[in-house]
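Student: Input: one structure, supplied below.
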Amino acid sequence: MLDIPLLGKFLSSVSSNRLDDTVDRLHSIFTVTILVLCAMFVGTKQHFGQPIQCMLPAHLDRDSWTAYGQYYCFVESTYRLSYNRTVPNSDIRSKLRATPGVNLNYYQWVPYFFVLQAFCFYAPYWFWKLLQGYSLIDMETAVNEAVSVSHELQFEERQKKIDKLSRFLTTSFDYRHAVRDSDSQFFGAPPNKYSGFCSCLYLLAKFVVVCNNFLQIYLISEFLGADGAFWALKPLAISAGLGHYPFSSQYFPRVTFCDMDRLTTGGIEKNTLQCVIMLNMINEKLFILLWYWIFFLCIISSVSFIYTLTRVITPRYREKSVRFYIQNDDGEENELYLRSDKNRLRDFVHELLGLDGTLMFHFIHEHAGAIVARDICLRMWKLFSSTYQDRRMSNSFHLSEDAVVAKTRPLASAPLASVQPSGGCYVRSSYPGNLEPGGMFTDSEKMAMTPPKFVA
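So this is what it looks like as structure tokens:
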């Protein structure tokens, strides 16, 4: 296959991020790809082709002056005139060019504008992925491993992966609670040790995306010099025969004019050149389609933000989503669920999983499927239920350090490949202490733990 240098590598890195949903991918992958391709197409024609062609007076109709006039008009911008209007004298032209909407100052910068838009659409998700990495819950690894479970065809291997991942996640959530409680007794726990750290970041990214969509509508109108945000409706009305503009549409004229001054021995000779901007025929279609696409993104991103906000912050909705995974119509799972009281479910959802846990299962459901999400959640529910009485007796719904070790403790941010079925514990290198499998932290070591530092 023909691969565009750097673009293919960029798209593969973007598509590898699984901490998103369908609406997120429409922004960070599909829209970014379209904008980059548009920038490459227009930029290639503009810089390696002939973006503008101008007709010079007869006494200047030579190769050297023709090339100079075309470059001059491309750099210095052009202006439009009304239909059937003769070219006015220089004084009137100066006043005319001072009128808003007459000068065309944008066509030189179209490919760069597309690149800037692509960056604006990708930046919120890049920051979300970057800052999420500082959480004590390795959500990206969990989702990637859940996807690998969905691809496993052997039943026994699939069950082993589900059991390993479930133990990893259960211990990760327990460990985060333990570290948070330990830190809060002294200096206050950092934000990344709270159960809503990732959820707040994700909601913030969603909100920034909504604001960016509406901002792009405004920026496009300002970039084109349009007289309103809904300028894209006018070209369609013109195409439908409801209006008329000379030579082309109002904001993308094909035929424009350019004033060029030429120094002569007798003084300054003023010449008016008539130019054709063929790229505006393409720019018009691209910007109109882009305007309608971003308008569509404004709607779906707003709905997605409200839906995600409701799903994350509403306790009842979080309980309902988790209940969907752990209940079943028949078998042991249903019996276990029916024997459990509502308090146990609330403790599992709000004390163990928290906001980030329910968000993580949303990503697993999105990328690995509902069946994998259900199997993992059900296994975590069984692990939680098996220690529920101990948690209640200790008046704490996270395991103590001894209980964590006893229940096989792969710690929060360890790569899942390092997690062992029993007796292993691994943490990030930023935590001091005994990092060997089965090692335990002393009280002084836990007090000395420092979270990863953000490096700009």
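Counted from 1, the sequence shown has number 1771 at position 347 by this note's numbering; the numbering is strictly sequential.
Even for Gly, the Cβ is constructed at its ideal location relative to N, Cα and C.
V1573 to L1802, Cα distance in whole Å?
Tutor: In the sequence shown, counting from the first residue as 1, residue 1573 sits at position 149. In the sequence shown, counting from the first residue as 1, residue 1802 sits at position 378. Looking at the two C-alpha atoms, the distance is approximately 15 Å.
Student: Any idea what DSSP makes of F1681, helix, strand or coil?
Tutor: Counted from its first residue, the sequence shown places residue 1681 at position 257. Strand.
Student: Just the Cα atoms here: how many angstroms apart are E1790 and C1462?
Tutor: Against the sequence shown, residue 1790 aligns to sequence position 366. Against the sequence shown, residue 1462 aligns to sequence position 38. If you take the alpha carbons of E1790 and C1462, they lie about 30 Å apart.
Student: Could you tell me the alpha carbon to alpha carbon distance between C1722 and C1622, rounded to whole angstroms?
Tutor: Here residue 1722 is taken as the residue at index 298 of the sequence shown, counted from 1. Here residue 1622 is taken as the residue at index 198 of the sequence shown, counted from 1. Computed Cα separation, rounded: 24 Å.
Student: When burial is assigned at 16 or more other CB atoms within 10 Å of the CB, is I1476 buried or exposed?
Tutor: Against the sequence shown, residue 1476 aligns to sequence position 52. Burial call: buried.
Student: Pull up the CB-CB distance for V1633 and S1745, whole angstroms please, since I reckon it's below 8 Å.
Tutor: For the purposes of this step, residue 1633 is taken as the residue at position 209 of the sequence shown. For the purposes of this step, residue 1745 is taken as the residue at position 321 of the sequence shown. Going by Cβ atoms, the distance from V1633 to S1745 rounds to 22 Å, so no, they are not a contact pair.
Student: Considering only residues of the same chain and omitting the five flanking positions on each side of L1555, which have a CB-CB separation below 6 Å?
Tutor: Taking the sequence shown and counting its residues from 1, one reaches residue 1555 at position 131. Within the same chain, L1555 has close Cβ partners L1625.
Student: Give me the residue from L1484, L1710, N1529 with the minimum Cα distance to S1501.
Tutor: Numbered from 1 along the sequence shown, position 77 holds the residue referred to as residue 1501. When each option's Cα is compared against that of S1501, the closest is N1529.
Student: Where do the ends of the alpha helix (DSSP H) carrying L1643 lie?
Tutor: As a working note, residue 1643 is residue 219 in the sequence shown. Per DSSP, L1643 belongs to the alpha helix (DSSP H) from 1621-1648.
Student: With three or more C-beta pairs closer than 8 Å as the rule, is the region 1729-1748 touching the region 1696-1704?
Tutor: no
Student: In terms of residues, what are the limits of the alpha helix (DSSP H) holding E1790?
Tutor: Residue numbering aside, residue 1790 sits at position 366 when the sequence shown is read from its first letter. Where E1790 is concerned, the enclosing alpha helix (DSSP H) stretches over 1778-1792.
Student: Going along the chain, which residues of its own chain have a beta-carbon closer than 7 Å to the beta-carbon of T1680, five neighbours each way excluded?
Tutor: Residue mapping note: residue 1680 aligns to position 256 of the sequence shown, counting from 1. Hits under 7 Å: T1502, Y1503, R1504, L1528, C1699, I1701.
Student: Which of the three DSSP states, helix, strand or coil, is assigned to N1767?
Tutor: As a position in the sequence shown, residue 1767 is number 343, starting the count at 1. Of the three classes helix, strand and coil, the one that applies to N1767 here is helix, per DSSP.
Student: Are at least three pairs of beta-carbons, each pair with one atom in the region 1644-1660 and one in the region 1445-1453, less than 8 Å apart?
Tutor: Per the Cβ contact rule, the region 1644-1660 is not in contact with the region 1445-1453 (fewer than 3 Cβ pairs under 8 Å).
Student: Taking the alpha-carbon of I1641 as reference, which of T1696, W1717, L1593, M1684 has the nearest alpha-carbon?
Tutor: Reading the sequence shown from its first residue, position 217 is the one you call residue 1641. When each option's Cα is compared against that of I1641, the closest is W1717.
Student: The ligand ZN and G1473: does the residue's C-beta get closer than 7 Å to at least one heavy atom of that ligand?
Tutor: Questions concerning the ligand ZN fall outside what the structure shown contains, since it holds no ligand whatsoever.
Student: List the endpoints of the continuous alpha helix (DSSP H) containing M1705.
Tutor: The residue given as residue 1705 occupies position 281 in the sequence shown. 1703-1737 is the extent of the alpha helix (DSSP H) around M1705.
Student: Could you work out which residue in V1460, Y1675, L1560, T1468 is closest to V1526 when comparing CA atoms only?
Tutor: Translated into positions along the sequence shown, residue 1526 becomes position 102. Here the closest residue by C-alpha is Y1675.
Student: T1696 by DSSP, collapsed to three states: which one?
Tutor: As a position in the sequence shown, residue 1696 is number 272, starting the count at 1. In the structure shown, T1696 sits in a strand (DSSP, three-state: E or B).
Student: How big is the Cα-Cα spacing for K1368 and I1712?
Tutor: Nothing can be reported for residue 1368: it is not among the residues displayed for the chain, which extend from 1425 to 1880.
Student: Using 10 angstroms around the beta-carbon of W1533, count the other beta-carbons present and answer buried if the total reaches 16, otherwise exposed.
Tutor: Here residue 1533 corresponds to residue number 109 of the sequence shown, with the count starting at 1. Flag for W1533 reads exposed.
Student: Could you spell out where the alpha helix (DSSP H) holding Q1556 opens and where it closes?
Tutor: Taking the first residue of the sequence shown as position 1, residue 1556 is located at position 132. Start and end: 1534-1556.
Student: Between A1566, D1598, L1443, which lies nearest to K1588 when the distance is taken from Cα to Cα?
Tutor: Working through the sequence shown from its first residue, we reach residue 1588 at position 164. Nearest C-alpha to K1588: A1566.
Student: At what residues does the alpha helix (DSSP H) containing Q1470 begin and finish?
Tutor: On the sequence shown, position 46 is the one that residue 1470 refers to. Per DSSP, Q1470 is one residue of the alpha helix (DSSP H) stretching across 1456-1472.
Student: Run through DSSP, which three-state label would Q1477 get?
Tutor: On the sequence shown, residue 1477 is found 53 positions in, with the first residue counted as 1. Q1477 falls in the strand class under three-state DSSP.
Student: In the DSSP assignment, what residue or residues form a beta bridge with Y1675?
Tutor: Mapped onto the sequence shown, residue 1675 falls at position 251. Note: Y1675 sits in no beta bridge, so no partner.
Student: If you draw a straight line from the C-alpha of G1884 to the C-alpha of C1635, how long is it?
Tutor: This structure gives no information on residue 1884, because the portion of the chain shown stretches from 1425 to 1880.
Student: Within its chain, find whatever has a CB closer than 7 Å to the CB of W1805; leave out the 5 residues flanking it on each side and keep chain order.
Tutor: In the sequence shown, counting from the first residue as 1, residue 1805 sits at position 381. Contacts found: I1750, F1772.
Student: Can you name, in chain order, every residue of its own chain whose Cβ lies under 6 Å from the Cβ of D1683, other than the five neighbours on each side?
Tutor: Working through the sequence shown from its first residue, we reach residue 1683 at position 259. Listed in chain order, the non-local C-beta contacts of D1683 below 6 Å within the same chain comprise T1696, local neighbours out to five positions each way being set aside.
Student: Measuring straight from C-alpha to C-alpha, what distance separates L1714 and S1809?
Tutor: Here residue 1714 corresponds to residue number 290 of the sequence shown, with the count starting at 1. Here residue 1809 corresponds to residue number 385 of the sequence shown, with the count starting at 1. L1714 and S1809: Cα-Cα distance of roughly 52 Å.
Student: Taking the continuous alpha helix (DSSP H) assigned at S1452, which residues delimit it?
Tutor: Translated into the one-based positions of the sequence shown, residue 1452 becomes position 28. Premise fails: S1452 is in no alpha helix (DSSP H) and is neither H nor E.
Student: Roughly how many whole angstroms lie between the Cα atoms of A1793 and A1602?
Tutor: Within the sequence shown, the letter at position 369 stands for residue 1793. Within the sequence shown, the letter at position 178 stands for residue 1602. Before going on, a small fix: residue 1793 reads as Gly here, not Ala. Rounded to whole angstroms, G1793 to A1602 spans 31 Å at the Cα level.
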